[in-house]
Amino acid sequence: MKLDSIFVVTFLNAVAFAAPSHSPRITISVTNDLTGRNALTTIPANGRFQNISGLFKNSAIDEHGQILASSAQLIGFVENVFCSFNNKDIVIPLNSAATFAVLGRDLELAPLAPTLLNNFQLQCQV
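For the sequence shown, the positions run -18 to -1, 1 to 108 when mature numbering (1 follows the signal peptide of the UniProt record, and there is no 0) is used.
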């Protein structure tokens, strides 16, 4: 019984004083360059995919339920972060060296044309 108590106390102390594991938080600005509207979101760099429609719902780039933007920029980040906007086979990367990305597909024909981002996901990791 005494040995069990010692084990339980030792285990609880280890759990109580263990260093918390948390991911750095990354802030990204997404802009509709045609309208000049932009919105920010901050997500953890934990590798999990976040739905763009949920992140930017009721923001300045939400036009009646359509999330429309033409560029994105990392504005609060840590070194060696990698973020990406993902939609099926489309991957638009951002990282600590390349902090700006154009979200449109046809840069020559419509460089400022916003892209519908509702089906995209955003993901960051270190």
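Cβ atoms here follow ideal geometry from the backbone N, Cα and C, with glycine treated the same way.
Length of the line joining the Cα atoms of residue i and residue j
i, j, result
"Asn101", "Phe64", "20 Å"
"Arg7", "Leu104", "13 Å"
"Lys39", "Glu61", "29 Å"
"Pro27", "Asn77", "According to the sequence as given, residue 27 is Ala; it is not Pro. The alpha-carbon atoms of Ala27 and Asn77 are separated by roughly 12 Å."
"Thr23", "Ile10", "6 Å"
"Cys84", "Leu56", "Note that residue 84 is Val in the sequence shown here, rather than Cys. If you take the alpha carbons of Val84 and Leu56, they lie about 12 Å apart."
Exposure label - residue i; buried when at least 16 CB within 10 Å
i, result
"Pro96", "buried"
"Ala80", "exposed"
"Ile43", "buried"
DSSP-derived helix/strand/coil call for residue i
i, result
"Gly29", "strand"
"Ser53", "strand"
"Ile43", "coil"
Closest Cα partner of residue i within the set the options
i, options, result
"Gln107", "Leu99, Glu45, Arg30", "Arg30"
"Lys70", "Leu99, Asp15, His4", "Leu99"
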